[in-house]
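Colleague:
Residue numbers (this note's numbering): 298 to 602.
Encoded structure:
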């Protein structure tokens, strides 16, 4: 616990410094969850292959096991549509240590560009990108920690006068998890703790979550509730999701996400289904909302052994 205290003492002034840098936020795409299982359950923290983007301290893997997945999402199609493509990998080295890897590309809609005198300069397609690796450590039987280091860049405007306008930064995610019972876990997470971009802070987020899982013969139930806040601009957010499974092969999911208008992903309700056979998985999620997230969907395939 002493090590945990030192880490939190370091992160607190870092978070304050980031939040005071500006009122607006850089690289909002860092808040996107690319995992269709996570999105079907209201955007709650991802586990397994995509744990790099969510549950860093609980990959859901045993020693010597590996999970990998690839996903595609069509994000906010009714407002500012973008294609989200991601890859996630989690490997359990043994019962105490694990590593994660994640890469995400957010490709915006193409739009025409004009010059100073109204001449056409062709089309431009915005591109956001992040990549990183993480490490998970089970410190004692009931307490674990995870940290990831990431690089992100954003091409948000076309090349002008031979100069390409690209923003770049580095950031970390960190999570502590306490599991008092085999079926119950509590986690504390800090996301997007990093270097401001052109004096604008990243969407820094702090979150507390509780999750549980139960099995009844061929039936299983997983539930997660999370709440937290964006630091700058200030916004309170909450996620909740449930998953019902039958025979470890068929899954039905539903959830909801709430967030203030100032930051983060807009509010939505979601649902999804999944299949798992011989280690191969297929998962689909769909968001029902009247706002920007209306008809957002994700689909992913994965393999676990």
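Quick reminder that beta carbons are idealized off the backbone N, C-alpha and C, glycines included.
Do you know offhand how far residue 602's Cα is from residue 386's?
Modeller: Taking the straight line from one Cα to the other gives about 12 Å.
Colleague: Roughly how many angstroms lie between the CA atoms of residue 487 and residue 516, to the nearest whole one?
Modeller: Approximately 33 Å between the Cα atoms of the pair.
Colleague: Give the list of continuous beta strand (DSSP E) stretches no shorter than 3 residues that lie fully inside the stretch 410–435.
Modeller: Taking only runs of at least 3 residues, the beta strand (DSSP E) segments lying wholly in the stretch 410–435 are 417–421.
Colleague: Tell me the rounded alpha-carbon separation between residue 441 and residue 429.
Modeller: If you take the alpha carbons of residue 441 and residue 429, they lie about 20 Å apart.
Colleague: Can you grab the Cα-Cα spacing for the pair residue 256 / residue 375, in whole Å?
Modeller: The structure shown does not extend to residue 256, since the chain is modelled only from 298 to 602, so the question has no answer here.
Colleague: Out of 563, 576, 338, point me to the one whose CA is closest to residue 508's CA.
Modeller: Out of 563, 576, 338, 338 has the C-alpha closest to the C-alpha of residue 508.
Colleague: Residue 407 and residue 422: beta carbons closer than 8 Å?
Modeller: For residue 407 and residue 422, yes; Cβs fall inside 8 Å.
Colleague: Looking at residue 365: is its Cβ nearer than 8 Å to the Cβ of residue 378?
Modeller: Their beta carbons are not under 8 Å apart, which means residue 365 does not touch residue 378 by this criterion.
Colleague: DSSP on residue 327, reduced to helix/strand/coil?
Modeller: It is helical.
Colleague: Please determine, among 598, 561, 437, the residue with the shortest C-alpha to C-alpha distance to residue 534.
Modeller: When only C-alpha atoms are compared, the closest one is 561.
Colleague: Quick one: Cα of residue 523 to Cα of residue 413, how far?
Modeller: The straight-line gap from Cα to Cα measures roughly 48 Å.
Colleague: Near residue 318, what residues of its chain come up, given a Cβ to Cβ distance below 8 Å and the 5 sequence neighbours on each side ignored?
Modeller: Residue placement at residue 318 is flagged as unreliable, the pLDDT there being 33, under the threshold of 50; the coordinate-derived value follows with that caveat. Answer for residue 318: 493, 496, 497, 498, 529, listed in chain order.
Colleague: With DSSP as the reference, please indicate the residues paired to residue 501 in a beta bridge.
Modeller: BP columns for residue 501 are empty, so no partner.
Colleague: For a quick check, are the C-beta atoms of residue 489 and residue 473 less than 8 Å apart?
Modeller: Result no, Cβ atoms of residue 489 and residue 473 do not sit closer than 8 Å.
Colleague: Out of curiosity, what's the CA-to-CA distance linking residue 595 and residue 477?
Modeller: Approximately 33 Å, taken between the alpha carbons.
Colleague: Measuring CA to CA, which of 557, 552, 577 is closest to residue 568?
Modeller: Nearest option by C-alpha distance: 552.
Colleague: Taking residue 373 as the reference, which of 333, 466, 592 has the closest Cα?
Modeller: Out of 333, 466, 592, 592 has the C-alpha closest to the C-alpha of residue 373.
Colleague: Only counting the same chain, and skipping five residues up and downstream in sequence, which positions put a Cβ closer than 6 Å to that of residue 455?
Modeller: Once the five neighbours on either side are set aside, the close Cβ partners of residue 455 are 410, 421.
Colleague: How close, in whole Å, do the beta carbons of residue 336 and residue 582 come, if the pair is a contact with beta carbons under 8 Å?
Modeller: Between residue 582 and residue 336 the Cβ distance is about 4 Å, and since that is below 8 Å, they are a contact.
Colleague: Looking only at its chain, what residues have a beta carbon closer than 6 Å to the beta carbon of residue 391, apart from the 5 residues adjacent to it on each side?
Modeller: Excluding positions up to five away in sequence, the list reads 360.
Colleague: Determine the direct distance from the alpha carbon of residue 514 to that of residue 546, and round the result to whole angstroms.
Modeller: Going by the C-alpha atoms only, they are around 13 Å apart.
Colleague: How close, in whole Å, do the beta carbons of residue 245 and residue 402 come, if the pair is a contact with beta carbons under 8 Å?
Modeller: The requested residue 245 does not occur in the structure, where the chain is confined to residues 298 to 602.
Colleague: Starting from residue 526, follow its DSSP beta bridges and name the residues at the other end.
Modeller: For residue 526, which the question treats as bridged, DSSP gives the partners 503, 533.
Colleague: Answer with buried or exposed for residue 305, where buried requires no fewer than 16 other C-beta atoms within 10 angstroms of its C-beta.
Modeller: Because the pLDDT of residue 305 is 36, which lies under 50, any placement of that residue in the model is unreliable, and the question is left without a value.
Colleague: On the CB-based measure, 16 or more other CB atoms within 10 Å of its CB, does residue 300 come out buried or exposed?
Modeller: Because the pLDDT at residue 300 is just 40, under 50, the model does not fix this residue reliably, and the point stays unresolved.
Colleague: Rounded to whole angstroms, what is the Cα-Cα separation between residue 334 and residue 322?
Modeller: Straight-line Cα distance between these residues: approximately 27 Å.
Colleague: Taking all protein chains shown into account, decide if residue 599 is buried (16 or more other Cβ within 10 angstroms of its Cβ) or exposed.
Modeller: So residue 599 counts as buried.
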